[in-house]
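Working notes for the structure below.
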Amino acid sequence: MSCEPLIRLVVGCQRGEFKADVLSLGVGIDSVWTAIVSEDWLLLGIISINASDAQANDQQVGEKLIGSSGEDSAHPHRRYNPLSGEWLLVSPHRSQRPWLGQQEATAEENAPSYDPSCFLCPGNTRVTGANNPDYAQIFVFDNDFPALLADSPEVESTEPLFQMATARGVSRVICFSKDHSKSLPELSQTSLELVVDAWCEQTRALGEEYPWVQVFENKGAVMGCSNPHPHGQVWANSFIPSEVEKEQRQQVDYARQHGGSLLLDYARREIDLAERVVIQSEYWLVVVPFWAAWPFETLLLPLSPVQQLPQLNQAQRIDLAKIVKQLTTRYDNLFECSFPYSMGWHGAPFTADDHSAWQLHGHFLPPLLRSSSVKKFMVGYEMLAEAQRDLTPEQAAASLRGQSDRHYRNKERV
Numbered sequence: 101m102s103c104e105p106l107i108r109l110v111v112g113c114q115r116g117e118f119k120a121d122v123l124s125l126g127v128g129i130d131s132v133w134t135a136i137v138s139e140d141w142l143l144l145g146i147i148s149i150n151a152s153d154a155q156a157n158d159q160q161v162g163e164k165l166i167g168s169s170g171e172d173s174a175h176p177h178r179r180y181n182p183l184s185g186e187w188l189l190v191s192p193h194r195s196q197r198p199w200l201g202q203q204e205a206t207a208e209e210n211a212p213s214y215d216p217s218c219f220l221c222p223g224n225t226r227v228t229g230a231n232n233p234d235y236a237q238i239f240v241f242d243n244d245f246p247a248l249l250a251d252s253p254e255v256e257s258t259e260p261l262f263q264m265a266t267a268r269g270v271s272r273v274i275c276f277s278k279d280h281s282k283s284l285p286e287l288s289q290t291s292l293e294l295v296v297d298a299w300c301e302q303t304r305a306l307g308e309e310y311p312w313v314q315v316f317e318n319k320g321a322v323m324g325c326s327n328p329h330p331h332g333q334v335w336a337n338s339f340i341p342s343e344v345e346k347e348q349r350q351q352v353d354y355a356r357q358h359g360g361s362l363l364l365d366y367a368r369r370e371i372d373l374a375e376r377v378v379i380q381s382e383y384w385l386v387v388v389p390f391w392a393a394w395p396f397e398t399l400l401l402p403l404s405p406v407q408q409l410p411q412l413n414q415a416q417r418i419d420l421a422k423i424v425k426q427l428t429t430r431y432d433n434l435f436e437c438s439f440p441y442s443m444g445w446h447g448a449p450f451t452a453d454d455h456s457a458w459q460l461h462g463h464f465l466p467p468l469l470r471s472s473s474v475k476k477f478m479v480g481y482e483m484l485a486e487a488q489r490d491l492t493p494e495q496a497a498a499s500l501r502g503q504s505d506r507h508y509r510n511k512e513r514v
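Be aware that the sequence shown starts at 101, since it is given in the working numbering, and climbs by one per residue.
Right, dumping it as structure tokens:
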């Protein structure tokens, strides 16, 4: 193999496009400019100075792309999600299709620490006229435009085709920091521990009144976030939501059939296989799940039995703060941008039922696919048939695993 094909490819591609295409095949960012791609776009090897070194690596890198799941994972196939009971289609051969569609705007890189026009910054007046306190760390308040109301009137319709049910609840906002410019990966360890404590405390307090408490964060305008100030939300419901009902049914059925915890058994198997593990610590495991629908989706799992956020002990909370910082830093480093996502926690409902089958877990669902401006669209087949992905979970895990725990902005300051 000569160097000429590589030279022609690099000259013929924009730097960002080539970088993103190689990243989508699971190659670390530091190796992008020494990668060889054949005419059918399969990554064959990595060279240092000349192309002759690449031929010896062809088989090794090819095996890495396929993953230890076997030859079948390089071709279209379906995967089962035991947590939802649903299937998804994986189409690895589509990873390199040309993209002439929508390009997302990237988040502002130099946002101020304080924005006088921001409704969430300390001391500012919100749109309703309420004044924010001059808070220094965490600030929690009832959402000015709540999706749920505690005093919603009773409604009921049992007609089969037009059923209705009462929905009551509370919607709150959690400002993670007074600093308008810093998202989770750029907060200090101490600040992140306060965020974790807020998740746990809000869940505990609202769980005394409501059967379900949903902690979540939408990060980035592409995820529908209406304000760039770092914040999350907590919605407490008088009902058990549909997605939660699926997970509850699946975990209970698994426990009955296998006599154990679905997610604890799954965590042990992922550790044994190692191919989808992104981060492992004393108390937590982060994986790109075998059944991931979003390109760089991850699942956060405690390594011991925990049903709900408030049950986390101090050591688990401190470790979780470290894990969240590492994971979100790797997300940002992947395409050197403020990586958008929706994330949230699922745990046992706050009811008197037996919840021994439940295991607490966190979902990170980011939309970006091949660069900071190209996202995955869940449309067409995904909306009408079932979820579909191009990049395999094994490739996504390798890309995230290869990122530094040091944020790219901090690297630039050195």
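Glycine is no exception: its CB is placed at the ideal position from the N, C-alpha and C atoms. Please read these numbers as outputs of a predicted model, since none were measured by experiment.
Distance between residue j and residue i (C-alpha atoms, nearest Å)
i, j, result
"SER471", "TYR481", "23 Å"
"TYR431", "PRO395", "12 Å"
"ALA211", "VAL255", "45 Å"
"ALA497", "LEU465", "14 Å"
"ILE129", "ASN232", "Summary for ILE129: the model assigns pLDDT 35, below 50, so the residue's position carries little reliability, and this model does not support an answer."
"ALA367", "LEU460", "12 Å"
"GLY126", "HIS463", "For GLY126, the pLDDT reaches just 39, beneath the cut-off of 50, and the residue's location in the model is therefore unreliable, leaving the point undetermined."
"ALA392", "THR398", "7 Å"
"GLN495", "ASP244", "42 Å"
"PRO440", "VAL474", "12 Å"
"GLU375", "ARG369", "10 Å"
"HIS177", "GLN357", "26 Å"
"LYS346", "LYS511", "43 Å"
"HIS507", "LYS425", "10 Å"
"VAL387", "ILE371", "9 Å"
"ARG179", "SER213", "44 Å"
"PRO246", "ARG501", "38 Å"
Cβ-Cβ distance between residue i and residue j below 8 Å
i, j, result
"LEU409", "ILE423", "no"
"GLN348", "LEU362", "no"
"SER338", "ALA267", "yes"
"LEU261", "PHE276", "no"
"PHE219", "ASN318", "no"
"PRO222", "LEU284", "no"
"PRO311", "PRO389", "no"
"GLN407", "HIS455", "yes"
"ASP365", "HIS280", "no"
"LEU306", "ALA336", "yes"
"SER191", "ASP490", "yes"
"ALA250", "GLY269", "yes"
"LEU427", "VAL378", "yes"
"GLY320", "SER217", "no"
Same chain, Cβ closer than 7 Å to residue i, neighbours up to 5 away in sequence not counted
i, result
"ALA298", "ILE238, VAL240, ILE274"
"GLY403", "The displayed chain sequence assigns Leu, not Gly, to residue 403. Cβ neighbours of LEU403 beyond the five flanking positions: ALA367, TYR383, TRP384, LEU385."
"ILE418", "GLU293"
"THR451", "PRO311"
"ARG194", "ASP490"
For residue i, the nearest candidate out of the options (CA to CA)
i, options, result
"HIS446", "ARG304, MET483, SER381, VAL344", "VAL344"
"MET443", "ALA236, PHE316, LEU292, LEU249", "PHE316"
"LEU292", "GLY320, TYR214, GLN416, TYR310", "GLN416"
"ASN433", "SER499, ASN231, ARG368", "SER499"
"GLN414", "ARG304, GLY359, THR228, CYS300", "CYS300"
"VAL333", "PRO311, VAL296, LEU364, VAL352", "One detail in the question is off: residue 333 reads as Gln in this sequence, not Val. Closest by alpha carbon: VAL296."
"VAL313", "ASN181, LEU188, LEU248", "LEU248"
"ALA421", "ARG376, SER257, GLN289", "GLN289"
"SER184", "SER252, ASP353, GLU259, ARG226", "ASP353"
"ASN181", "LYS511, TYR508, ALA487, GLN503", "ALA487"
"ALA457", "SER438, ALA355, ILE340", "ALA355"
"LEU189", "GLU436, MET478, PRO253", "MET478"
"PRO449", "SER252, ARG226, LYS476, SER342", "SER342"
Residues near residue i in its chain [Cβ-Cβ closer than 6 Å; skip 5 each side]
i, result
"ASP242", "ARG272"
"THR225", "ASN231"
Sequence-distant residues of its chain with Cβ nearer than 8 Å to residue i (five each side left out)
i, result
"ALA236", "PRO222, LYS278"
"LEU469", "SER124, PRO395, LYS475, LYS476, ASP490, LEU491"
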